[in-house]
Each structure stands twice: as structure tokens, then as C-alpha cells.
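Engineer:
In the numbering used here, the protein residues as written are 1 to 335.
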């Protein structure tokens, strides 16, 4: 487990302490050191008790990270600003996540000579967005970090047209995804002055779940959401987007033009971050001039895409290490 210094990503200045973890493969490092994967984790909650470095890794993530360790990569895994350390966790805010990832790389490469300077950014869900943001912020914030490329699965896209794609579902359906909205609403309240009154946004039926988001981790919050029968139809008094829109800029990537190639793993059965919104991100990022290799997996959902994409993401990363060209795929067909 590690504790390192970063820059406050909310204000853009001043120091914060961030926690995380470092995993190193067994055996002797290769010449030049173990290449580094900077792992950005998915949504686990906003309470300090949810910080991944304080807990055992979820089985899915443990399998995923173990696969990369067996491929000969060291892994540095940030908890993100304010998660496990003082201060609120700015959930889904692009700059704090990016700064936390980049400074985790700086910290371990400065203190562990067995690590290479060659760095790949990887992430899933919230972490897919964090990985994308990290690649976008890296040239200005951390030009000293040698980022070769990015691997992202289940990547959120919070542009207005993509948000519309995420909203296409039956408003009467009881969905665990309300947990994400509760976390995001609390985050916006914490970061906004004057603070919005969440009782004006959420119904009396939904407010206990919103309050629970202050102290519960994601799987408990999702389960309680379903048990309470929360749907869009019974959760909101007012348009949630009116609360969200003032903060959209902080949630947006600073640019879609990345200097290094981007791998996107997209599940055709993903309902947490909809397939359509991810395909839209791939197309827009390609149009911006980024080399994007997108893969669409017909049998995988949001979670299944993590390990299911390894058969394609590992060769992608190997090409980056070998300084070989990556074949762009902007509009993938289901495989």
C-alpha cells in the first residue's frame, strides 16, 4: 500500500495526499525494468471504507490484474483523491482522477528502480473515464510520464448527446444504476456553492438511498436500491440534469484528441454505461484525430468486458511496447 503526494484536482493547485497500491510481478525484472500499468478502478463508492487499497480486490478485478502481472507488468493502482484520504471524493470529475493516476506513476517510478518508465494507462467504468482523462491531461500536467497508450473498458461519455443515449430505458424499471446517480448527486452537492437542496431533486422514497451513499459502498447501495424498488419514475421530483448541467464541464474530458493510441472495449449488453454512448465516444474520438482501436463484444455486459477484452487488449499493449503501428477501428462490428 502506498501514500503519495498529488495536486488538488478540484482547484488545480495545492497539495493532497492520495493512497493506492503497487503490485510487482514475481521473479527478476527484465532489462530496463517492469513496464508499468496505471490501473484506474471502477465505481466502488465515495466513503473512505470503500478505498480499494483498504480492502481485498473484487474477484473480477483480481483476475484482471493478475493476468497483467503474469504478462510481466507492474501495476500501480490509485484510490483517487479523497477516497481513503481526507476530503470528499470528486466522483467522475475528470481532472482529480487524472492527477491522481499520473502522480501515482511518478511516485512509484521515482522510488522503485526495478520499474520501467514505459507506462500504459488502463481502467474500467469510472476508471475507463479516468484512464481517458489521464491520457488527455498527461501532456500538460505530466509530460515527464512516458505514456505509450490507454486501455479503457465501459468508458463513460458525459457529453449531452451521450447522456441522452444513457437515458433510454423504461422509467418504471427498477434499476440498480440509481446508485450511480446518488453518488454523483452527493458529489455535485459537495463541490457546488451554494449547495443544491437534494430534497428538491429526489423524492422522499429515494432520499434514504441518497443519504446511504455517504457511507455505503457500491454493491450494498445497488442491492438496497433494488430492494427499495427505486425507479426513475419514483425517484425524482425534478429534472436531475438541471442539477448536473452546471458541473458538466468538470465531468467532461478536456480533449478527445489523445497523443497516444486508445483501446476501447465495449460490451454490446452493457446497460451501466450504454453501448450506444460508448460507440459514440469511439466515433467522436476518432474524428478528433486519436488512433482508436474499438472492440465490440456481443456477449459481454459492463462487467464481463473487463476480462473478456484481454484477448485483444494484451496484443494491443504489446504493439505499443514494440513501437508498432496500431490498426484503427472507429466503428467496430460485434465479435
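A virtual CB, placed ideally from N, CA and C, is assigned to each residue, including glycine.
Are residue 300 and residue 150 closer than 9 angstroms when you measure CB to CB?
Structural biologist: Contact: no.
Engineer: Once DSSP output is grouped into helix, strand and coil, what is the label at residue 242?
Structural biologist: Of the three classes helix, strand and coil, the one that applies to residue 242 here is helix, per DSSP.
Engineer: Considering only C-alpha positions, which residue in the set 174, 56, 14 is nearest to residue 96?
Structural biologist: That would be 14, whose Cα lies nearest to the Cα of residue 96.
Engineer: Between 19, 54, 116, which lies nearest to residue 104 when the distance is taken from Cα to Cα?
Structural biologist: Ranking 19, 54, 116 by Cα distance to residue 104 puts 19 first.
Engineer: Between the Cα of residue 212 and those of 29, 21, 47, spot the shortest distance and give me the residue it belongs to.
Structural biologist: For residue 212, the nearest C-alpha among the options comes from 47.
Engineer: Could you tell me whether the region 168-176 touches the region 123-140, using the rule of 3 or more Cβ pairs below 8 angstroms?
Structural biologist: The answer is no - the region 123-140 does not touch the region 168-176, with fewer than three Cβ pairs under 8 angstroms.
Engineer: Are the region 235-249 and the region 198-213 in contact at 8 angstroms, needing three or more beta carbon pairs?
Structural biologist: A contact exists between the region 235-249 and the region 198-213.
Engineer: For residue 260, which of helix, strand or coil comes out of DSSP?
Structural biologist: Correct three-state label for residue 260: coil.
Engineer: Which of the three DSSP states, helix, strand or coil, is assigned to residue 83?
Structural biologist: The answer is coil: DSSP assigns residue 83 none of H, G, I, E or B.
Engineer: Report yes if the CB atom of residue 287 is closer than 9 angstroms to the CB atom of residue 258, and no otherwise.
Structural biologist: No, these two residues do not count as a Cβ contact at 9 angstroms.
Engineer: Any idea if residue 270 is buried or exposed, counting beta-carbon neighbours within 10 angstroms, 16 or more meaning buried?
Structural biologist: That one is buried.
Engineer: Taking the alpha carbon of residue 251 as the point to measure from, which residue in 326, 162, 289 has its own alpha carbon closest?
Structural biologist: The candidate whose alpha carbon is nearest that of residue 251 is 162.
Engineer: Please identify the residue among 335, 323, 322, 292 whose C-alpha is closest to the C-alpha of residue 329.
Structural biologist: Checked all of 335, 323, 322, 292; the closest Cα to residue 329 is 292.
Engineer: Could you tell me whether the region 306-316 touches the region 54-67, where touching means 3 or more Cβ pairs closer than 8 angstroms?
Structural biologist: They touch, by the three-pair rule.
Engineer: Checking the sheet assignment: what are the DSSP bridge partners for residue 124?
Structural biologist: Residue 124 pairs with 153.
Engineer: Helix, strand or coil for residue 53 per DSSP?
Structural biologist: Residue state, collapsed to three classes: helix.
Engineer: Do you know offhand how far residue 42's Cα is from residue 185's?
Structural biologist: Each residue's Cα considered, the two are about 17 angstroms apart.
Engineer: Pull up the distance between the alpha-carbon of residue 289 and that of residue 281, whole angstroms please.
Structural biologist: Roughly 13 angstroms between the two C-alpha positions.
Engineer: Between the region 102-121 and the region 231-240, do three or more beta carbon pairs fall short of 8 angstroms?
Structural biologist: Cβ pair count under 8 angstroms is below three, so no.
Engineer: Mind checking residue 317: buried by the 16 CB within 10 Å criterion, or exposed?
Structural biologist: Residue 317 should be labelled buried.
Engineer: Could you please give the first and the last residue of the uninterrupted alpha helix (DSSP H) stretch that includes residue 290?
Structural biologist: Per DSSP, residue 290 belongs to no alpha helix (DSSP H) and is neither H nor E.
Engineer: Around the Cβ of residue 45, are there at least 16 other Cβ atoms within 10 angstroms (buried) or fewer (exposed)?
Structural biologist: It is buried - the Cβ of residue 45 has at least 16 other Cβ atoms within 10 Å.
Engineer: Thinking C-beta only, is residue 88 closer than 9 angstroms to residue 187?
Structural biologist: Contact: yes.
Engineer: Who does residue 78 pair with in a DSSP beta bridge?
Structural biologist: Partner(s): 20.
Engineer: Report the CB separation of residue 84 from residue 54 in whole angstroms; it is logged as a contact under 8 angstroms.
Structural biologist: Going by Cβ atoms, the distance from residue 84 to residue 54 rounds to 6 angstroms, so yes, they are a contact pair.
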